[in-house]
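Take a look at the structure set out below.
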Amino acid sequence: MAVIGIDIGSRSIERVVWDQATGAWTWDKVPTTFDPLTQCRKLLADADGCPVVATGYGRALVAEHFAELSVRTITEIQAYARGVHHLVPEARTVVDIGGQDTKVIALSPQGAVVKFEMNDRCAAGTGKFLEFMATSLQIPLDSFGDFALEADKQVAINSMCTVFAESEATSLMARGERPQNIAMALHRAIVRRTLAMLRRVGGESPVVFAGGVAHNRCVCRLLSEALGGDVIVPPDPDVLGALGAALAGAGP
Amino acid sequence: MTASHEAMWERLGLDLEAHASLLEVLGKFYGDIYLSQQGRLRGMEYLDFVLSEIHGLRIRELDEARAQGRKVVGTFCVFVPEEIVWAADAIQVGLCAGAEAGTEAAEKILPRNTCALIKSFVGFKLARLCPFTELCDMVVGETTCDGKKKAYETFSDYAPVYVMEIPQMKRSEDRALWKAEVLRFKQAVEDLTGRSITAENLREAIGLMNRRRRVLQRLNRLRAAHPVPISGRDALLINQVSFYDDPERFTQKIHDLCDELEEKVRRGKGVADGAVRVMLSGCPMAVPNWKLPYIVESSGAVVVGEESCIGTRNTRDLVDEGGTTLEEMLDAIVDRYLKIDCACFTPNQERLEHIVDMARALDVQGVIHYGLSFCQPYAMESFKVEKALRDAGIPMLAIETDYSMEDVEQLKTRVEAFVEMIR
Ligand code: SF4
Ligand code: SF4
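Chains as they are written, first to last, in UniProt numbering: chain A, 1 to 252; chain B, 1 to 423.
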């Protein structure tokens, strides 16, 4: 039988369908939009009978509105831990930078969560930060990382607060600084923040980088430079939460 | 209760409109967090009643007591020796400071980055929301954290503040200072009430306070049973109410409740099947600050103890009852209060030991350390607490928050993830 894992994030919703018999899985992804419930309905339309495990900040929404299905919820922390452990069994640390949360999770050799850190309520150091800055530099979010990699000079942005960092960026622009260099400085800010969280959980390697922001090549490069090259970015890094949820539905 | 008490509130100078909306929010909050629970003890009806009349009947009692010449003393810290107040036939109430209302007013005279507890007591006064504060003939401040210490200076423009100096260390010189302060306080209370404190009335007061501590100790022992027979929220509420209810009546009512609890434990009935046992540790949670316990208990865990001033820090130690002379009794009081392991002390090793011992004795699977944002003493200690617990093999989650509701979802994720981790 199939098991469905669904991860309702602030930017996108991912679904993984896991075949218990073969271990094969497929995934889908839709934007969250302002109406996540309708989006979930689409993804769960053919779920009849399968166990569903929901994760992500909208997990309770699914549990509440799909009472006809058997929905269980787990947190993103548990979901990412499971998903990562499945794909990269040797992983000891997970860095997950998503749309509005950054999480760093320490795993035991058996893949259990032993410690975790999450950003505070503000958006500093999350995908939201990059999104906001990309908009203010008028660069499409998808190519923001590549744009930053064109930097030719190191400039500093000290603030990790979205609002203050933007005003630092604006004043650098006013001084005629190349936007690529400013973009790089913003990427460095987010990585600095992540490294601080990594240190708090111990940050043992191998480190797996997952979540939507793992698509950003600049963040990947900076993170792996800071950690001495030891960062694994799995293909489709943003579906690991949904995968982990599906695995939780299948396994113990 | 509103209609019958309005004239009294008006006389006390409350802002009736703002006060009415505060009570409405409080009532709604209480309904969601407390009354929605299944299978509560019958004895909790008393607490429900006391809480529903928090600004009503209890205030009327205090008001009437004052009309007969008794004095009301308000406090913010468990360091203020209650025995002295009761010995002089005055009434002590803890001024709760657990709500967000009034924050705006408070931020006009306090920096924004002040802990929520301090903002709350100042805000309640400025916004004229708290009848307890208005009734106080004396408000006792103390030199504990810097935030409170400085806030009392400002607060004294609005209320009759008396400040006790609390030492920051526990050497013999500090004990001498503390003793001098207890004696100075005794004098101040005698001056306020016009009554002298004697061996006789002090002995009685020591007995009264110890009886209240003992019943709370009894509650703590009973709630630690497997399965857990009472929710952490209910137990916290009982501790909170102990700060302003009449001590004699409270002690009696809670003994009745404990009898019922004992019976429930005997029958092996629990309130949260399969829930993970956790303990809270850290800053005080004053009425109506039920935010974290509620989040924890809706995330698959149950709270079996609070290492906090509204919890075991206030009830663990009794005053020695062996003294016969006034001098001996005062010494016993001085010693008992100096055992308080508040994070304002340095060093404060005993707190770490207490936490580990308590976590073991309560057989918890994890500890959640609760810090109010901008509370430096407890934030600093949370690192040490985590290390002490780690060495003992007990996982800890550190939470820092305030009274606002905007981070509830975020906290829920953290707490749920912690519960998943320790399950
Ligand atoms: S935490 Fe310290 S300062 Fe605060 S009430 Fe307790 S003893 Fe007093
Ligand atoms: S919670 Fe911390 S900062 Fe606030 S009053 Fe108590 S000791 Fe001071």
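C-beta: ideal position from N, C-alpha, C; glycine also.
Predicted model only: the values in this text are computed from it and were never measured.
Proximity test, Cβ basis, 8 Å: residue i and chain B
| i | result |
| --- | --- |
| residue 258/A | This structure gives no information on residue 258/A, because the portion of chain A shown stretches from 1 to 252. |
| F164/A | no |
| V213/A | no |
| residue 341/A | The question about residue 341/A has no answer here: the residues shown for chain A are numbered 1 through 252. |
| V95/A | no |
| M1/A | no |
| Y57/A | yes |
| F144/A | no |
| M118/A | yes |
| V113/A | yes |
Residue i, DSSP secondary structure in three states
| i | result |
| --- | --- |
| D238/A | helix |
| Q187/B | helix |
| S21/B | helix |
| I13/A | strand |
| V233/A | coil |
| S281/B | strand |
| residue 313/A | Examination of residue 313/A is not possible in this model, given that chain A is present from 1 through 252 alone. |
| A224/B | coil |
| A417/B | helix |
| G58/A | coil |
| I74/A | coil |
| P31/A | strand |
| K103/A | strand |
| Q376/B | helix |
| Y294/B | helix |
| L397/B | strand |
| V95/A | strand |
| M138/B | strand |
| K115/A | strand |
| G371/B | strand |
| Q365/B | coil |
| F209/A | strand |
| V163/B | strand |
| G94/B | strand |
| A87/B | helix |
| G147/B | helix |
| G5/A | strand |
| residue 424/B | With chain B represented from 1 up to 423, any question about residue 424/B goes unanswered, as that position is not in the structure. |
| A301/B | strand |
| V271/B | coil |
| T193/B | helix |
| V52/A | strand |
Neighbour flag for residue i against chain A, beta carbons, 8 Å
| i | result |
| --- | --- |
| M421/B | yes |
| T413/B | yes |
| E100/B | no |
| E409/B | yes |
| E416/B | yes |
**OP:** Starting from the N-terminal side, write out each stretch of the alpha helix (DSSP H) that is 4 residues or longer and does not extend beyond the region 31 to 83 of chain B.
**Re:** The region 31 to 83 of chain B contains these whole alpha helix (DSSP H) runs: 44 to 52 and 57 to 67.
**OP:** Go through the residues and name those whose CB comes closer than 7 Å to any heavy atom of ligand 1, in chain order.
**Re:** F76/B, C77/B, V78/B, F79/B, E142/B, T144/B, C145/B, K148/B, C283/B, P284/B, C309/B, R313/B, I340/B, C342/B, A343/B and C344/B
Subject >> In chain order, each alpha helix (DSSP H) run of at least 4 residues that lies wholly inside the region 304 to 363 of chain B >> reply: Correct list: 312 to 315, 326 to 337 and 349 to 361.
**OP:** Within the region 125 to 184 of chain A, note down every full beta strand (DSSP E) run reaching 3 residues or more, in order along the chain.
**Re:** none
Original post:
Is there contact between the region 182 to 197 of chain B and the region 80 to 88 of chain B, where contact requires at least three CB pairs shorter than 8 Å?
Top reply: yes
**OP:** Check whether the region 193 to 212 of chain B touches the region 93 to 101 of chain B, counting contact only when three or more Cβ pairs, one atom from each stretch, lie closer than 8 Å.
**Re:** Remark: fewer than three beta-carbon pairs, one from each stretch, lie closer than 8 Å, so the region 193 to 212 of chain B and the region 93 to 101 of chain B are not flagged as touching.
Subject >> Meets three-Cβ-pair contact criterion under 8 Å: the region 88 to 96 of chain A and the region 186 to 204 of chain A >> reply: yes
**OP:** Flag this pair as touching only if the region 367 to 377 of chain B and the region 30 to 38 of chain A have three or more C-beta atom pairs under 8 Å; answer yes or no.
**Re:** no
Original post:
Taking three-plus beta-carbon pairs below 8 Å as touching, is the region 131 to 150 of chain A in contact with the region 106 to 119 of chain A?
Top reply: no
Original post:
Does the region 158 to 177 of chain B touch the region 295 to 312 of chain B, meaning 3 or more C-beta pairs lie closer than 8 Å?
Top reply: no
Subject >> Cβ pair count under 8 Å reaching 3, the region 315 to 325 of chain B against the region 201 to 219 of chain B >> reply: Put simply, the region 315 to 325 of chain B touches the region 201 to 219 of chain B. At least three CB pairs are less than 8 Å apart.
**OP:** Examine the Cβ distances between the region 338 to 353 of chain B and the region 239 to 254 of chain B and report whether three or more of them are shorter than 8 Å.
**Re:** no
**OP:** For the region 143 to 160 of chain A and the region 179 to 188 of chain A, state whether three or more C-beta atom pairs, one from each stretch, are separated by less than 8 Å.
**Re:** yes
**OP:** Pair every Cβ in the region 60 to 76 of chain A with every Cβ in the region 167 to 183 of chain A, then say whether three or more of these pairs are closer than 8 Å.
**Re:** no
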